[in-house]
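> Using our numbering, read the sequence shown as starting at 102 and increasing by one per residue. Glycine residues also receive a C-beta, built at the ideal position from the N, C-alpha and C atoms. From a predicted model like this one, the values you see are computed outputs, not experimental measurements. Before I ask anything, here is the structure I am working with.
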Amino acid sequence: MSGIGVFDSGVGGLTVLKTLTQAYPDVNFYFIGDNQRAPYGSRSIEQLKLFSKELITALVDMDVDLIVTACNTISSLDLKSLEKEAGVPIIGIIEATAQLAHTETSNHQIGLIATEKTIESQCYQRLLKELDENNELTALATPQLVPLVEENKMGTEEALERVKEALAPIKGEAFDTLILGCTHYPFLKDEIKQVLGNQISIVDASMAVSDPIKKYIRPDMQVSDRTIKLFTSGDPLQFEKIATGLLAPLDFEIKKINL
Numbered sequence: 102m103s104g105i106g107v108f109d110s111g112v113g114g115l116t117v118l119k120t121l122t123q124a125y126p127d128v129n130f131y132f133i134g135d136n137q138r139a140p141y142g143s144r145s146i147e148q149l150k151l152f153s154k155e156l157i158t159a160l161v162d163m164d165v166d167l168i169v170t171a172c173n174t175i176s177s178l179d180l181k182s183l184e185k186e187a188g189v190p191i192i193g194i195i196e197a198t199a200q201l202a203h204t205e206t207s208n209h210q211i212g213l214i215a216t217e218k219t220i221e222s223q224c225y226q227r228l229l230k231e232l233d234e235n236n237e238l239t240a241l242a243t244p245q246l247v248p249l250v251e252e253n254k255m256g257t258e259e260a261l262e263r264v265k266e267a268l269a270p271i272k273g274e275a276f277d278t279l280i281l282g283c284t285h286y287p288f289l290k291d292e293i294k295q296v297l298g299n300q301i302s303i304v305d306a307s308m309a310v311s312d313p314i315k316k317y318i319r320p321d322m323q324v325s326d327r328t329i330k331l332f333t334s335g336d337p338l339q340f341e342k343i344a345t346g347l348l349a350p351l352d353f354e355i356k357k358i359n360l
């Protein structure tokens with residue numbers, strides 16, 4: 102059975118999955134969230150490569166036609182070498198997200214919140230400079246936000262307070278556009294807007310990911326009754342709560358996966 106595979110370190114990638122299921126309503130989707138080993142942002146490069154290979158192998162075994170890495174940390178790695186081993190196209194999310202941020206900004210001042218590894222990779226910095234030498238990036242590592250989403254604490258007072266603390270170093274900076282450089286962060290968009298203000302244009306991968314994969318969609322991938330299967334290495338019940346809240350009214354099934 103053909104389709105599109107999507108993976109992330111946890112539930113964050115569901116924001117990307119939702120956009121893709123809407124853009125391609127007649128294509129099968131297979132999603133793996135590696136909740137058991139989340140977050141990825143502080144992992145070593147060696148660990149990230151190992152985890153990526155395990156997740157990609159699992160999706161290839163499901164007979165997918167292409168794979169989307171709905172994880173900025175993984176997308177900052179050398180995807181070409183992973184693609185060569187996998188034998189199917191592997192699409193990252195950073196390039197399209199950077200392009201969208203460049204389009205959105207009016208003053209060439211762009212903010213980025215992401216994991217340590219994504220910021221250390223300098224991917225966003227490099228891409229934004231390639232798009233326009235005048236682009237300036239203010240980057241802040243905010244790994245403390247990921248557990249809020251994994252623990253389903255969005256919309257709580259605790260979430261708002263922790264977002265305030267996390268964003269304090271960049272509050273009042275000159276950027277007019279903020280990249281949510283981790284797919285978990287869109288779950289906290291309301292809190293982020295409360296802290297930074299509605300005047301900031303917020304950009305994330307889920308807003309940019311559909312177009313780059315258009316060229317890979319073939320007629321034989323389209324089905325009349327599509328399947329959406331979700332897998333988690335963590336707690337299926339916790340995963341289901343978050344997935345149901347985000348993906349409803351889509352029909353999907355959830356299973357535990359051992360990686």
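1. What do you reckon, are the CB atoms on T243 and T174 nearer than 8 Å?
2. What runs of the beta strand (DSSP E), each 3 residues or longer, lie entirely inside the stretch 233-270?
3. Whole-angstrom Cβ separation of D127 and A197, contact assumed at under 8 Å?
4. Under 8 Å between the Cβ atoms of L149 and Y141?
5. Would you tell me roughly how many angstroms separate the C-alpha atoms of A309 and F353, rounded to the nearest one?
6. What first and last residue would you give for the alpha helix (DSSP H) that runs through I195?
7. Whole angstroms are fine: how far does the CA of I133 sit from the CA of E186?
8. Between S103 and Q137, what straight-line distance do the alpha-carbon atoms span, to the nearest angstrom?
9. Grab the span of the alpha helix (DSSP H) containing Q123 for me, first residue to last.
10. Within 10 angstroms of its Cβ, does R263 collect 16 or more other Cβ (buried), or is it exposed?
11. With 16 as the cutoff for other CB atoms within 10 Å, does G212 come out buried or exposed?
12. Determine the closest residue to D233 out of M255, Q223, T204, with distance taken between C-alpha atoms.
13. Could you tell me the boundaries of the alpha helix (DSSP H) in which Q339 lies?
14. Within the chosen definition, does the stretch 314-324 reach the stretch 289-300 through at least 3 CB pairs nearer than 8 Å?
15. Give me, in chain order, the residues of the same chain whose beta-carbon lies closer than 6 Å to that of N235; leave out the 5 immediate sequence neighbours on both sides.
16. Quick one: what's got a C-beta closer than 6 Å to T219's C-beta in the same chain, skipping five residues either side?
17. In chain order, what are the residue ranges of uninterrupted beta strand (DSSP E) at least 3 long that sit wholly in the stretch 120-191?
18. For the alpha helix (DSSP H) containing D305, list its first residue and its last residue.
19. Could you check if D336 is buried or exposed, using at least 16 other CB atoms within 10 Å of its CB as the buried criterion?
20. List the whole-angstrom C-beta distance separating L279 from I301, where the pair is believed to meet the contact cut-off of C-beta under 8 Å.
21. I think T120 touches S307, with their Cβ atoms under 8 Å apart; what is that distance to the nearest whole Å?
22. Taking the alpha-carbon of N253 as reference, which of E341, E274, L229 has the nearest alpha-carbon?
23. Along the chain, where does the beta strand (DSSP E) that runs through L360 open and close?
Based on what the coordinates show:
1. No, they are not a contact pair.
2. Those beta strand (DSSP E) runs which fall completely within the stretch 233-270 and span 3+ residues are 237-242.
3. Actually they do not touch by this definition, with Cβ atoms about 22 Å apart.
4. Cβ distance < 8 Å, so L149 and Y141 count as in contact.
5. Near 23 Å, if we compare the C-alpha coordinates of F353 and A309.
6. Run containing I195: 195-205, per the alpha helix (DSSP H) assignment.
7. About 19 Å.
8. Roughly 27 Å separates the two Cα atoms.
9. Note, Q123: alpha helix (DSSP H), 115-124.
10. Taking all protein chains shown into account, R263 has 16 or more neighbouring C-beta atoms within 10 Å of its C-beta and is therefore buried.
11. G212 sits buried, since 16 or more C-beta atoms from the chains shown fall within 10 Å of its C-beta.
12. D233 has its Cα closest to that of T204, out of M255, Q223, T204.
13. Boundaries of the alpha helix (DSSP H) around Q339: 337-348.
14. The stretch 314-324 makes no contact with the stretch 289-300: fewer than 3 CB pairs, one atom from each, lie closer than 8 Å.
15. Closer than 6 Å at the Cβ level, and outside the excluded window around N235, lie H209.
16. Within the same chain, T219 has close Cβ partners N173, T174, S177, G282.
17. Runs found: 130-134, 167-170.
18. Note, D305: premise wrong, no alpha helix (DSSP H); beta strand (DSSP E) at 302-305.
19. The residue is exposed, with fewer than 16 neighbouring Cβ atoms inside 10 Å.
20. That belief holds up - the Cβ atoms of L279 and I301 are roughly 5 Å apart, short of 8 Å.
21. Indeed, because the Cβ distance is near 4 Å, the residues count as touching under 8 Å.
22. Out of E341, E274, L229, E341 has the C-alpha closest to the C-alpha of N253.
23. DSSP places L360 outside any beta strand (DSSP E), giving it a letter other than H or E.
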